[in-house]
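Going line by line, the protein sequences match chains A and B. In terms of this note's numbering, the first sequence opens at residue 6 and continues consecutively. In terms of this note's numbering, the second sequence opens at residue 824 and continues consecutively.
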Amino acid sequence: MLSCDTYLSPGSLDDALAAVAASDGRFRFVAGATDLLPWAREGRAGDVHVPLLVDISGIPDLRTIEPRDGRIWIGAATPFQRFLDHPELIRLMPGMPDCAVWFADNQIRESATIGGNLVNASPSGDGIPPLLTANATIELAALRDGAIRRRRVSLVDFIKGPGQTEAEHDEILLGVECDTLEGYGGAFEKVGHRRSLVIAVVCLSAVVRLDPSGTRFEDVRVAIGGVGPVARRMTDVEQRLIGQPITAELLRACLVGCEQFVMSRTRQEYRKLVAPGFVARGLANAIERAGGSPDACGIAKEIANG
Amino acid sequence: MAELKIETTVNGRRIARRVDPSQRVLDFLRDDLHLTGTKEGCGAGECGTCSVFVDGVLVKSCLLPVAKVAGKTIDTIEGLAVSGEMSAVQKAFHKAGASQCGYCIPGMVMAATAALRLNPDADREEIKERLGGNICRCTGYQKIFDAVEMARDFLNGKLSATAFDELDAEDGKYIGVNVRRIDAPSKVTGALRYAGDMVLPNMLHVQVLRSPHPHARIVSIDVTDAEGLPGVEGIVTSVDVPGQDGFGVFVSDQPVMARDKVRYVGEPVVAIAAESLAQARRAIAKVRVEYEMLPAVFDPDEAMKEGAPIVHDYAPDNIVKHIPIRKGDIEAGFAQADLIVEQTYETQQVEHAYLETEAGLAYVDHDGVVTVHSPSQNITHHRHMLARILNLPINKVRMIMSPVGGGFGGKEDMIYQGMLALLTMKTRRPVRLVFTREESIATTAKRHPSRTSYKMGLTKDGRILASQVRIVYDGGAYGMSTEGVIRKGAILGGGPYNIPNIQIDTYGVYTNNTPSGAFRSFGSLQSQFATESHLDICAERLGIDPFELRLTNAMRKGDATHTKQPLKSSAMSDVLEAARTASRWEHGAPNIRGATRSDLAGEGTRPSCTLSPRAVAETPAPKLQHEKGAA
Ligand SMILES: Cc1cc2nc3c(=O)[nH]c(=O)nc-3n(C[C@H](O)[C@H](O)[C@H](O)COP(=O)(O)OP(=O)(O)OC[C@H]3O[C@@H](n4cnc5c(N)ncnc54)[C@H](O)[C@@H]3O)c2cc1C
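Structure, rendered in structure tokens:
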């Protein structure tokens, strides 16, 4: 059980940081609480008493979704369900809707936030691969010498290991700034023990942009999670594909060596089978959604079906 | 603790309260507002028994800090039946028979309501997707999906309200007629109170300290620090047992709480009753137990070996029970056989996973009758055991069976009722214990793991001449239902086949694993898995169709079983024939078929299960239609 003496729901960043500054350091930020509450149970952390809980989900900037400098700002407190029903997000973040569909269930998705997913930094956090393919930049804020210090870190540098991030204990993750990927086709592949409410054994995000004829890759971004301590972009695969016409030989060639991404200690064999399969399927689905020509779609599908 | 002031609207009623900021919305609803239709099944967002609407959006209230609903609107299962009339979804659940134990049903009804509000035209696949966060253990889901479709069609005007009516039982006949379940309304409305939903004035909350070791001697138990904590009203250990401290179905080998030594991880050692759950948990953390490790044994075959660690002194060979059955002469049978097949089969521990965790409420009434409410599947037996344990005449012990939120045999063995009785006798106040999901999974009885060695001799044309079957069941640390389980295993061990020469030995063995207990199919699942797998292998080796092989050997009317039970009837052959026809079975030995089989797919075949998301991601979920119709 998680217990606290005080639960604050500040309405501004200033108030949140002030509350934290006034505490003795024994506090915890809360967003959707979907990681925090299950963590404080038997078998994990057990009963945990945190004197102060600071709920950051009501801070306006953390709830904002808006264009910024040619990119898109997504506040940290955005719940995953918004990637399924917010028109701007659907248009500009084609890698996310499928991820959201696979994420937990429709109820948890209303609570679980992207900020929580990133700070939790689980090796199989589903939100991480698609944000990697969107070249996400993290923005953090903390009180330093009486003033708010804001800093930006790329997502690649932000997550350092399982449960470990760049964020200092009193730093609030404000949100992520992402590439707008309008016109890209996006796909998310995930496998676990069942359809809903499942931790990914492997998850993969693929987004592609094709030339107007729908036969050539203009841009390809692929990231894989669940197979090592941190999710990673599969740059080798991307480099082989960018600028190339979609052919069976090319797709087959790009699958070679995909299993090298599998660093997990458990279920290695299985994951090594899944990794190339997911690259193939992710690309096929992304090509189709990017407006691939019937030929290109057919080729990609055939490769994906083995 | 700074109290938090909360204003919310719950089921249309404005509520202002001071609450404990550590509470979850689930606690607020259940403990403060007594809205116990919202259940706790896992406390970790996995099961959906706690689903409620917050500002019209369905969420899991076990993962929602109470502060998050300040200024918001909550709707619970109790709010659906406006002015007493059930909603269309509730009526449909009633009509479709979509409730069994009922524990998951309030959450299911909420999820179904949400699904139809979001998309009034949702098809079955979308309904499945939208109910993906809610787990049911009894129904197999089909009736639940039927109910949601029925409610959808009614709300869309495609079904009339009479569709929910009870069909008139023809000529007073009930068998073969679709009868509405009389207990369903209480379940679909959340009105039914399970043990964990019940409260009594001045009730104390119980928590249990459990063994972290599989096998250890208890050197000392020090409760001094726990006793002094605020709110602590009573602490019991095995020394508080006034009578004969031992329970079990066949052997009374299990103390109410560990006595002298612990035999499995999770065995109760100390139980504490306190004014609040949090106080009880804090007190448990303050108890100090000193253990001296003992060598432990985790494999039943190892446990039967000379020199293995002894789990119970009364059974130095670690054998709970051995059931031998002999018929004919197996060696003679094997000598005549054209084919002898030997193979070993293993099955593993299985958790019952009922949605309602173990829970109980106990009090001593005005006549001094120790009364225990619990979802016990065997109250009379529990009552007798408890009278002996408490050293009370039987008329001073009363067991009341609360609604069972799923049992599957798992609530048949007595597990925690003794601790509750001791604590209520000691404190003279009502006490309640509700297991957490983790506690339920880690510490209560499981299905017996088994290892079966099979040897079968057959003629070329598939007649079984002899079977030798040895099944070793891991009984875990205590006897519980083990003897009954392995007896069933022996009785059914050869399968429903007429075998002239048979030798069966089943063993129930003590180990330091979690105790094994009753679980539906009771010992025969293990032996049937072995027998039927074995027959498939034999069919392959003989080149005989597996149906034919079974029909050749099936017991028929007039046959006697290997336990000499004469059969006045036998449906075995009829059942096999019916299954063969219904499955459009393609005749042939398992290994002679080509790459394609004619009996796969076709009419009546369920499509295989896929893991892909069913809702199309690109289509934004339709905007919420608040309060549409009576959904
Ligand atoms: C039943 C269930 C199913 C799940 N399924 C999935 C799944 O399919 N895929 C998946 O990836 N995850 C899943 N999860 C895990 C969880 O829902 C996600 O990781 C979620 O994104 C966490 O977000 P949250 O807002 O609930 O985080 P919280 O629990 O509120 O916080 C998590 C951690 O992050 C910190 N934190 C949160 N926000 C901030 C911030 N803005 N600044 C600084 N620190 C912050 C908190 O202090 C805490 O340490 C599941 C969880 C449950 C209970």
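Glycine included, each C-beta is placed from N, C-alpha and C at the ideal position.
Under a three-way DSSP split, which group does residue i fall into?
| i | result |
| --- | --- |
| residue 76 of chain A | strand |
| residue 973 of chain B | helix |
| residue 1441 of chain B | Low local confidence applies: a pLDDT of 40 at residue 1441 of chain B is under 50, so the model's placement there is unreliable, with the coordinate-based value given in what follows. It is coil, neither helix nor strand. |
| residue 287 of chain A | helix |
| residue 1171 of chain B | coil |
| residue 1091 of chain B | strand |
| residue 282 of chain A | helix |
| residue 113 of chain A | helix |
| residue 1240 of chain B | helix |
| residue 1459 of chain B | The first residue shown for chain B is 824 and the last is 1454, placing residue 1459 of chain B beyond what the model contains. |
| residue 43 of chain A | helix |
| residue 1139 of chain B | coil |
| residue 1112 of chain B | strand |
| residue 16 of chain A | coil |
| residue 1010 of chain B | helix |
| residue 913 of chain B | helix |
| residue 960 of chain B | coil |
Buried or exposed, going by whether 16 or more other CB atoms sit within 10 Å of the CB of residue i?
| i | result |
| --- | --- |
| residue 1214 of chain B | exposed |
| residue 944 of chain B | exposed |
| residue 1422 of chain B | exposed |
| residue 112 of chain A | buried |
| residue 1130 of chain B | exposed |
| residue 1232 of chain B | buried |
| residue 104 of chain A | buried |
| residue 997 of chain B | exposed |
| residue 1170 of chain B | buried |
| residue 1136 of chain B | exposed |
How many angstroms separate the CA atom of residue i from the CA atom of residue j?
| i | j | result |
| --- | --- | --- |
| residue 1063 of chain B | residue 48 of chain A | 30 Å |
| residue 31 of chain A | residue 51 of chain A | 17 Å |
| residue 167 of chain A | residue 118 of chain A | 18 Å |
| residue 235 of chain A | residue 1406 of chain B | 48 Å |
| residue 54 of chain A | residue 847 of chain B | 15 Å |
| residue 1454 of chain B | residue 877 of chain B | Note on residue 1454 of chain B: pLDDT 40, under 50, position unreliable in the model; no value is reported. |
| residue 1350 of chain B | residue 1429 of chain B | 28 Å |
| residue 132 of chain A | residue 92 of chain A | 19 Å |
| residue 76 of chain A | residue 97 of chain A | 9 Å |
| residue 39 of chain A | residue 86 of chain A | 14 Å |
| residue 24 of chain A | residue 6 of chain A | 23 Å |
| residue 802 of chain B | residue 885 of chain B | Because chain B is modelled from 824 through 1454, residue 802 of chain B falls outside the range shown and cannot be assessed. |
| residue 1442 of chain B | residue 215 of chain A | With a pLDDT of 43 at residue 1442 of chain B, under the threshold of 50, the modelled position of this residue cannot be trusted; read the value that follows with caution. Straight-line Cα distance between these residues: approximately 22 Å. |
| residue 73 of chain A | residue 182 of chain A | 8 Å |
| residue 1164 of chain B | residue 1411 of chain B | 20 Å |
Residues in the same chain with beta-carbon distance under 7 Å from residue i, minus the five sequence neighbours each way, listed in chain order, please.
| i | result |
| --- | --- |
| residue 1375 of chain B | 1285, 1286 |
| residue 913 of chain B | 903, 904, 932, 1011, 1012 |
| residue 1081 of chain B | 1034, 1041, 1061, 1090, 1091, 1092 |
| residue 1386 of chain B | 1148, 1314 |
| residue 14 of chain A | 60, 63 |
| residue 44 of chain A | 50 |
Using a Cβ-Cβ cutoff of less than 8 Å, which residues in the same chain neighbour residue i once the five nearest sequence positions on both sides are dropped?
| i | result |
| --- | --- |
| residue 170 of chain A | 123, 124, 126, 163, 164 |
| residue 277 of chain A | 264, 267 |
Go through its chain and collect everything with a Cβ distance to residue i's Cβ below 6 Å, but skip five positions before and after it.
| i | result |
| --- | --- |
| residue 830 of chain B | 839 |
| residue 937 of chain B | 881 |
| residue 1200 of chain B | 1230, 1234, 1235 |
Does the beta carbon of residue i come closer than 9 Å to any beta carbon on chain E?
| i | result |
| --- | --- |
| residue 890 of chain B | Although the question refers to chain E, the structure presented lacks it and instead comprises the protein chains A and B. |
Below 8 Å, how does it come out for the stretch 1110-1123 of chain B and the stretch 1024-1039 of chain B: are there three or more Cβ pairs, yes or no? Short answer: they touch.
**Report entry** Stretch pair the stretch 912-930 of chain B + the stretch 998-1012 of chain B: three plus CB contacts closer than 8 Å
**Finding:** Counting C-beta pairs with one atom in each stretch, the stretch 912-930 of chain B and the stretch 998-1012 of chain B have three or more that are closer than 8 Å, which means they touch.
How do the stretch 173-193 of chain A and the stretch 286-298 of chain A stand: do at least 3 beta-carbon pairs fall below 8 Å, yes or no? Contact between the stretch 173-193 of chain A and the stretch 286-298 of chain A is present, because at least three Cβ pairs lie under 8 Å.
Is the stretch 983-1002 of chain B close to the stretch 1189-1197 of chain B, with three or more CB pairs under 8 Å? No: the two stretches stay apart, fewer than three of their Cβ pairs being nearer than 8 Å.
(Q) Does the contact criterion of 3 or more C-beta pairs under 8 Å hold for the stretch 204-220 of chain A versus the stretch 266-286 of chain A? (A) Taking a cut-off of 8 Å for Cβ pairs, the stretch 204-220 of chain A and the stretch 266-286 of chain A touch, as three or more such pairs fall below it.
Original post:
Is there contact between the stretch 1040-1055 of chain B and the stretch 1176-1184 of chain B, where contact requires at least three CB pairs shorter than 8 Å?
Top reply: Segments in contact, no.
Contact between the stretch 1303-1312 of chain B and the stretch 1200-1215 of chain B is defined here as three or more beta-carbon pairs at a separation below 8 Å; is this criterion met? Cβ pair count under 8 Å is below three, so no.
| Is the stretch 850-858 of chain B close to the stretch 297-311 of chain A, with three or more CB pairs under 8 Å? | Taking 8 Å as the limit for Cβ pairs, the verdict is that the stretch 297-311 of chain A does not touch the stretch 850-858 of chain B.
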